[in-house]
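This report refers to the structure that appears directly beneath it.
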Amino acid sequence: MISKKDLENLAELARIELKESEEKKLLKDLESILKHFDELKEANTKKVKPMTGGTFLENIFRSDESLSRLDPDGAIKQFPEKTRGFLKVPPVFE
Amino acid sequence: MDLENFTISSFHKRLLNKEFSVLEIVQTLFKFIETRDKEINAYLSLLKDGAVTEAERVDIALAENKFVSILAGVPLAIKDNILINNTKTTAASKILENYIASYDATVIKKLRSAQAVFLGKTNLDEFAMGASTENSGFKITKNPFDLSCVPGGSSGGSAAAVAANMALAALGSDTGGSVRQPGAFCGLVGLKPTYGAVSRFGLIAMASSLDQIGPITKTVEDAAILFKEIAGKDEFDSTSVNHAYDEILNSSIDKIRKLRIGIPKEYFIGGIDKKIIEGVEQAMEKIKSLKLEFKEINLPHTKYAISCYYIIMPAEVSANLARFEGVRYSSMPEVEEKVKTLRDLYFRNRGSGLGVETRRRILLGTFVLSHGYYDAYYAKAQKVRELIKNDFVEAFKEVDVIISPTTPTPAFKIGEKTKDPLSMYLSDIFTCPINLAGLPAISIPVKKYKLDSGELPIGFQLIGKPFHEADILGIGQFYEKLEA
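Following this line, the structure appears as structure tokens:
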């Protein structure tokens, strides 16, 4: 089962800040959800190939040309801070 | 104006008869929404300017006796996870509170060229994650049949808007039942198309191998009209497929009578509300009167569907939602406090901008994909998914359509399931297997429900073979003629 440390590690991987107060409830919820998943153990999947999604599984190709049908200005407009059309963010390293 | 009795085809007929103008209808609707939506909370934003402009355009075309499509002037509500250019699209998440879409989703583009009118964007569970619309970051939508009940979810705003006559029809998205279940809870028709039938371009992705956009309407015929318009191959969604849906609107009873209907015995045991069983049995009796053959079938792996779904879906969610950090898609409103590094910014924005259920699913998805657990959970679930799909493949050798309840209970009370996420997840029991298998399915109300009757609506589900929307829509259209 998931420990408090596991949960904090998951939050770290997912880049989510968790409040100390919500950890307990989250742990309890995840535990009961994972317990429910135990039923899958009894399903015999020895010779089964995984289904990876889709209705028709075939490769789709298109020619290697750049398509610029979308207006980049609309996207850039959303940036909280920008410089010369680039998104400006805080430094990666301190 | 009797907004209540409008369907898309009756609206079209009366519009061509010049009984009213589109502008009149649109203005009447906005006025009605202003008061009615105060108690329902179906809309997150209204698109008055765009709607009026489009209405006038259709009125001019009609005045000039130009041909207009059956959807011209039809007032629609759009779930707020579908992009409409230059308008706010929030997915009911605080992290997207200020996001303005910079392009139209393909479905919107198609409806625009059919001259439909978009009234507004409707409420949903944040990023379409939930079965009650209670997970919205902004407000709680109420069921027009009983204001103390949920409208279902995640497309609860779309369903409530149509049920309360605040739109003629709506679009929702269905990942595990999010169009069909609110349809059932609000006495409406909800169609989840075959995976690949409708382009997902411009739909804010939740679980890419499961998501489909579908109509929520008052009649099966309306669902067929909208589906036909939005379906088709799209160069921007490589999973979309071209298919001719010629017979969707003019099926013959002789063809319909050739369809064999399967009753999965696994779908009619234990834990289902008595009223649901009665409702579905009532529907089956009526379908029998159309002289269709019924047959019992087995879907032995369906019992694993919830577990399978709640592993695969969060896994895809954790990947799809990684892009939301409160920077690229607009900034979050109340972020004033300065951070030192980009990393800190991610943690802070995703911690405060994403709601409880969203964070729970991202963490769960991160867990099932993480080292040491991947095989036991994610890889296992993908194999079980294949077993679930194979059950349907086998069943469809014997029958053409499968009937089941849409939900285990009628609409539940607001607050009833919010404390225990697992109990909420279990409401997807009859709908999520269909997404796992990529099949088309429709929820149809057992009968016509009146808003003030005190009765909560019940829906039944028809499941079809891939790209056989014509079968389920065909039976549905003859079914609703029996009603009339």
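Each protein sequence line maps, in turn, to chains S and P. Here the first sequence is numbered in my numbering, starting from 8 and rising by one per residue. Here the second sequence is numbered in my numbering, starting from 18 and rising by one per residue. Heads up, the beta-carbon is just placed ideally off N, CA and C, and yes, glycines get one too.
Range covered by the beta strand (DSSP E) that runs through residue i
{"i": "Y60(P)", "result": "60 to 63"}
{"i": "S130(P)", "result": "No beta strand (DSSP E) contains S130(P), which is instead part of the alpha helix (DSSP H) from 123 to 130."}
{"i": "E310(P)", "result": "310 to 314"}
{"i": "F364(P)", "result": "Segment 359 to 370 is the alpha helix (DSSP H) holding F364(P); no beta strand (DSSP E) there."}
{"i": "K96(P)", "result": "92 to 96"}
{"i": "L479(P)", "result": "476 to 481"}
{"i": "V418(P)", "result": "418 to 422"}
{"i": "R277(P)", "result": "277 to 281"}
Interface residues of chain S facing residue i [CB-CB closer than 8 Å]
{"i": "P281(P)", "result": "None at all; the shortest Cβ gap to chain S is about 18 Å."}
{"i": "S387(P)", "result": "L17, L20"}
{"i": "P425(P)", "result": "None at all; the shortest Cβ gap to chain S is about 16 Å."}
{"i": "R365(P)", "result": "E24"}
{"i": "V344(P)", "result": "F86, P87, L94, V96"}
{"i": "H318(P)", "result": "A50"}
Limits of the alpha helix (DSSP H) - the one that residue i falls within
{"i": "F28(P)", "result": "25 to 33"}
{"i": "I265(P)", "result": "No alpha helix (DSSP H) holds I265(P); DSSP gives it neither H nor E."}
{"i": "K414(P)", "result": "397 to 415"}
{"i": "K48(S)", "result": "Element bounds for K48(S): n/a, residue is neither H nor E."}
{"i": "F47(P)", "result": "39 to 57"}
{"i": "A336(P)", "result": "322 to 337"}
{"i": "G296(P)", "result": "291 to 305"}
{"i": "F545(P)", "result": "There is no way to answer for residue 545(P), as the model of chain P reaches only from 18 to 501."}
{"i": "I273(P)", "result": "270 to 274"}
{"i": "K11(S)", "result": "11 to 20"}
Counted within 10 angstroms of its Cβ, other Cβ atoms place residue i as buried (16 or more) or exposed
{"i": "T70(P)", "result": "exposed"}
{"i": "M8(S)", "result": "exposed"}
{"i": "N267(P)", "result": "exposed"}
{"i": "S119(P)", "result": "buried"}
{"i": "S70(S)", "result": "exposed"}
{"i": "G471(P)", "result": "exposed"}
{"i": "V17(P)", "result": "This structure cannot speak to residue 17(P), because chain P is shown only from 18 to 501."}
{"i": "T90(S)", "result": "exposed"}
{"i": "F93(S)", "result": "exposed"}
{"i": "E36(P)", "result": "exposed"}
{"i": "N22(P)", "result": "exposed"}
{"i": "S28(S)", "result": "exposed"}
{"i": "G432(P)", "result": "exposed"}
{"i": "K48(S)", "result": "exposed"}
{"i": "S324(P)", "result": "buried"}
{"i": "F68(S)", "result": "exposed"}
{"i": "P98(S)", "result": "exposed"}
{"i": "K53(S)", "result": "exposed"}
{"i": "H388(P)", "result": "exposed"}
Neighbouring residues, chain P, relative to residue i (Cβ below 8 Å)
{"i": "F100(S)", "result": "T358"}
{"i": "K56(S)", "result": "K400, E403"}
Any chain A beta carbon closer than 7 Å to residue i
{"i": "E38(S)", "result": "Considering every chain present, this structure includes no chain A. Its protein chains are S and P."}
Chain P residues whose Cβ lies nearer than 9 Å to that of residue i
{"i": "D71(S)", "result": "Near D71(S) there are no residues of chain P at all, since even the closest Cβ is about 14 Å away, more than 9 Å."}
{"i": "G81(S)", "result": "N102, N103, I117, A118, S119, Y120"}
Residue i: contacting residues in chain S (beta-carbon distance under 9 Å)
{"i": "G368(P)", "result": "A18, R22, I23, E24, L25, K26"}
{"i": "R376(P)", "result": "A18, A21, I23, L25, E29, L33"}
{"i": "A222(P)", "result": "Those do not exist, as A222(P) stays about 13 Å from chain S at its closest Cβ, beyond 9 Å."}
{"i": "P161(P)", "result": "Within chain S, no residue comes near P161(P); the closest Cβ sits about 31 Å away, beyond 9 Å."}
Beta-carbon neighbours of residue i, restricted to chain P and to distances below 7 Å
{"i": "E30(S)", "result": "Ordered by position in chain P, no residue passes the 7 Å Cβ test against E30(S), which lies about 11 Å from the chain."}
{"i": "T90(S)", "result": "The contacting residues do not exist; T90(S) stays about 14 Å from chain P at best."}
{"i": "F93(S)", "result": "Result: empty, since nearest Cβ-Cβ is about 11 Å, beyond 7 Å."}
7 Å Cβ cut-off: residues of chain S touching residue i
{"i": "I328(P)", "result": "F44"}
{"i": "I379(P)", "result": "A21, I23"}
{"i": "C166(P)", "result": "In chain order: nothing, as chain S lies at least about 24 Å away."}
{"i": "Y321(P)", "result": "E46, L47, A50"}
Task: Runs of beta strand (DSSP E) lying entirely within the segment 202 to 243 of chain P, each at least 3 residues, in chain order - done: Scanning the segment 202 to 243 of chain P for uninterrupted beta strand (DSSP E) segments of 3 residues or longer gives 206 to 209, 229 to 234, listed from N- to C-terminal end.
TODO: Spell out a yes or no on whether the segment 92 to 104 of chain P and the segment 138 to 150 of chain P are touching, meaning 3 or more CB-CB pairs, one atom from each, closer than 8 Å.
DONE: Verdict: yes, contact present.
Open item on the list: Extract the residue ranges of the beta strand (DSSP E) inside the segment 52 to 88 of chain S, only unbroken runs of 3 or more that lie entirely within it.
Closed with: When DSSP assignments are scanned along the segment 52 to 88 of chain S, no uninterrupted stretch of beta strand (DSSP E) that is 3 or more residues long falls wholly within it.
Task: Given 8 Å, three or more beta-carbon pairs between the segment 442 to 458 of chain P and the segment 202 to 220 of chain P - done: In this structure the segment 442 to 458 of chain P touches the segment 202 to 220 of chain P; the number of beta carbon pairs closer than 8 Å is three or more.
Open item on the list: Does the segment 77 to 88 of chain P come into contact with the segment 302 to 321 of chain P, if we say contact requires no fewer than three beta-carbon pairs (one atom in each stretch) closer than 8 Å?
Closed with: Fewer than three pairs of CB atoms, one per stretch, sit closer than 8 Å, so the segment 77 to 88 of chain P makes no contact with the segment 302 to 321 of chain P.
TODO: Check whether the segment 225 to 236 of chain P touches the segment 187 to 196 of chain P, counting contact only when three or more Cβ pairs, one atom from each stretch, lie closer than 8 Å.
DONE: Yes, the segment 225 to 236 of chain P is in contact with the segment 187 to 196 of chain P.
Open item on the list: As an exercise, report each continuous beta strand (DSSP E) stretch of at least 3 residues that is fully enclosed by the segment 431 to 467 of chain P, in chain order.
Closed with: Entirely contained in the segment 431 to 467 of chain P, the beta strand (DSSP E) runs reaching 3 residues are, in chain order, 458 to 462.
Open item on the list: Assess contact between the segment 374 to 382 of chain P and the segment 35 to 53 of chain S, defined as three or more Cβ pairs (one per stretch) separated by less than 8 Å. Is contact present?
Closed with: Output reads yes: the segment 35 to 53 of chain S touches the segment 374 to 382 of chain P.
Open item on the list: Assess contact between the segment 284 to 297 of chain P and the segment 411 to 425 of chain P, defined as three or more Cβ pairs (one per stretch) separated by less than 8 Å. Is contact present?
Closed with: Enough Cβ pairs lie closer than 8 Å, so yes.
Open item on the list: Does the segment 154 to 161 of chain P come into contact with the segment 248 to 259 of chain P, if we say contact requires no fewer than three beta-carbon pairs (one atom in each stretch) closer than 8 Å?
Closed with: Because the criterion of three Cβ pairs below 8 Å is not met, the segment 154 to 161 of chain P and the segment 248 to 259 of chain P do not touch.
- [ ] Enumerate, from N- to C-terminal direction, the unbroken beta strand (DSSP E) stretches of 3 or more residues contained entirely within the segment 102 to 187 of chain P.
- [x] Listed in chain order, the beta strand (DSSP E) elements of length 3 or more contained wholly in the segment 102 to 187 of chain P are 134 to 139.
TODO: Could you tell me whether the segment 483 to 498 of chain P touches the segment 259 to 275 of chain P, using the rule of 3 or more Cβ pairs below 8 Å?
DONE: Yes, since at least three Cβ pairs between the segment 483 to 498 of chain P and the segment 259 to 275 of chain P fall closer than 8 Å, the two stretches touch.
- [ ] Say whether the segment 13 to 25 of chain S touches the segment 363 to 375 of chain P, bearing in mind that this needs 3 or more beta-carbon pairs closer than 8 Å, one atom from each stretch.
- [x] Inter-segment contact for the segment 13 to 25 of chain S and the segment 363 to 375 of chain P is present: three or more beta-carbon pairs are separated by less than 8 Å.
- [ ] For the segment 217 to 227 of chain P and the segment 329 to 347 of chain P, state whether three or more C-beta atom pairs, one from each stretch, are separated by less than 8 Å.
- [x] Contact between the segment 217 to 227 of chain P and the segment 329 to 347 of chain P is present, with at least three C-beta pairs closer than 8 Å.
- [ ] Report yes or no: do the segment 45 to 65 of chain P and the segment 140 to 150 of chain P share at least 3 C-beta pairs separated by less than 8 Å?
- [x] The count of Cβ pairs closer than 8 Å, one atom from the segment 45 to 65 of chain P and one from the segment 140 to 150 of chain P, reaches three, so the stretches are in contact.
Open item on the list: Would the segment 306 to 317 of chain P count as touching the segment 278 to 296 of chain P if we require 3 or more Cβ pairs under 8 Å?
Closed with: Flag = yes, the segment 306 to 317 of chain P and the segment 278 to 296 of chain P touch.
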